[in-house]
Amino acid sequence: MREKIFLVLANLFWAGNYIFGKYVIEEISPLWLTFIRWVVAFLFLLPISYLLERPRYREIMKQFWLPLSIAGVLGIIGYNLFLYGALEYTSPMNAAIVNSLNPAIIVILSFFLLKERMTFINAAGFVISLIGVLFILTNGHLEWIFQTSYNRGDLIMLLAGIVWALYSIIGKKLSVPPITATTCSAFFSILLLFPFLFLQPLPLTGLSGKGWIGIIYICLFPSIFSFLFWNISVKKVGPSYAGIYLNLIAVFTAMITFLLGGEISASQLIGGAFVLIGVYLATNIRNTEAPAVKGSKS
Numbered sequence: 001m002r003e004k005i006f007l008v009l010a011n012l013f014w015a016g017n018y019i020f021g022k023y024v025i026e027e028i029s030p031l032w033l034t035f036i037r038w039v040v041a042f043l044f045l046l047p048i049s050y051l052l053e054r055p056r057y058r059e060i061m062k063q064f065w066l067p068l069s070i071a072g073v074l075g076i077i078g079y080n081l082f083l084y085g086a087l088e089y090t091s092p093m094n095a096a097i098v099n100s101l102n103p104a105i106i107v108i109l110s111f112f113l114l115k116e117r118m119t120f121i122n123a124a125g126f127v128i129s130l131i132g133v134l135f136i137l138t139n140g141h142l143e144w145i146f147q148t149s150y151n152r153g154d155l156i157m158l159l160a161g162i163v164w165a166l167y168s169i170i171g172k173k174l175s176v177p178p179i180t181a182t183t184c185s186a187f188f189s190i191l192l193l194f195p196f197l198f199l200q201p202l203p204l205t206g207l208s209g210k211g212w213i214g215i216i217y218i219c220l221f222p223s224i225f226s227f228l229f230w231n232i233s234v235k236k237v238g239p240s241y242a243g244i245y246l247n248l249i250a251v252f253t254a255m256i257t258f259l260l261g262g263e264i265s266a267s268q269l270i271g272g273a274f275v276l277i278g279v280y281l282a283t284n285i286r287n288t289e290a291p292a293v294k295g296s297k298s
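Each residue of the sequence shown is one higher than the one before, starting from 1 at the first, in UniProt numbering.
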């Protein structure tokens with residue numbers, strides 16, 4: 001029961017990242033928000049990883065510095081810059097729904113890059129999810145797919161999903177405990193981001209109360225609490241079961257948007273339903289009688 005509560009809370013806090021992120025990027029750049037978020041997260045994760053996993057940091061960073069750095073570039077720098085960049089142009093609701101495609105993208109890329117087994121139902125689930133995302137991108141008019149200019153934020157969010165999928169695939173092959181791996185990747189990411197901070201001013205003195213609350217929330221809840229709750233739960237219930245709960249991010253984002261007085265369109269509801277159904281088929285149904293699709297060896 002405790003693990004289920006942790007999974008719900010983890011996804012609730014991640015949903016809040018979209019809402020508060022939308023407010024904060026109106027006042028500071030995605031670059032600075034990403035940097036601040038992960039500096040604070042690193043300061044908390046470092047002692048937590050030591051207490052829970054007892055890593056030998058020097059040996060780990062010496063042996064795995066390259067994959068950990070790549071993971072940081074993809075999952076910490078790339079994903080967060082794309083996410084907050086997307087929120088400059090699109091709504092938190094759209095971003096959350098497009099982000100819901102991530103598990104299906106991971107399945108597809110794992111099939112091609114890791115030669116993992118994939119059934120016909122898994123592939124069909126990905127197609128259904130993609131139709132849902134296209135339904136949102138075209139505002140419910142699929143016939144506009146080749147005729148319309150898409151919302152820039154939604155397209156950036158698609159890139160964020162691809163980057164996150166690549167980050168997740170690297171994580172599958174990395175033999176480093178999860179909290180330690182994230183801590184080390186955050187450290188490398190902070191070093192890589194630092195030189196670029198001088199290209200943009202940091203208007204902390206001009207931040208509103210809402211901006212400060214947003215930064216504090218983003219630094220603590222989705223960056224630290226969600227991550228800890230998620231990893232504690234995955235250790236108990238397994239990644240496949242926990243993955244089902246990721247669909248709650250879009251649901252919670254919709255609920256928060258509605259409670260704050262925002263509007264939810266029919267295309268978002270219909271497209272979101274397609275995405276959630278497709279992701280479930282792509283990631284959680286294992287039909288032993290269905291023929292497996294062979295991965296390419298090239």
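No residue lacks a Cβ here, since even glycine has one placed at the ideal position from N, Cα and C.
Model, not experiment: these values are computed from the prediction.
Asked, Found
"Separation of Leu51 from residue 325, as counted between CA atoms", "Here the chain comprises residues numbered 1 to 298, so residue 325 is not present and cannot be evaluated."
"Counted within 10 angstroms of its Cβ, other Cβ atoms place Ser296 as buried (16 or more) or exposed", "Here the model assigns Ser296 a pLDDT of 41, short of 50, so the residue's position is not dependable, and the following value carries that caveat. Ser296 should be labelled exposed."
"Three-pair Cβ contact test at 8 Å for the stretch 252 to 261 versus the stretch 11 to 26", "yes"
"Rounded straight-line distance, which links the Cα of Gly75 to that of Gly171", "10 Å"
"C-alpha gap between Ser175 and Thr34, whole angstroms", "26 Å"
"Sequence-distant residues of its chain with Cβ nearer than 6 Å to Val40 (five each side left out)", "Cys219"
"Integer-rounded CB distance, given that Ala165 should sit under 8 Å from Asn99", "Not quite, the Cβ-Cβ distance comes to about 11 Å (not below 8 Å), so this is no contact."
"Check whether Ile97 and Ala266 have beta carbons under 8 Å apart", "no"
"Environment of Ile5 [buried if 16+ CB atoms lie within 10 Å]", "exposed"
"Closest by C-alpha distance to Gly272, when choosing among Asn94, Tyr217, Val237 and Val234", "Asn94"
"Own chain residues within Cβ distance below 8 Å of Pro203, not counting five before or after", "Glu27 and Ile28"
"Cutoff 7 Å; reference Val107; Cβ partners in own chain excluding five residues on either side", "Met118, Asn122, Phe126, Ala282 and Thr283"
"Whole runs of the alpha helix (DSSP H) within the UniProt domain \"EamA\" (152 to 282), excluding any shorter than 4 residues", "152 to 173, 178 to 193, 209 to 220, 226 to 237, 239 to 244 and 248 to 259"
"Three-way DSSP call (helix, strand, coil) for Met118 in this model", "strand"
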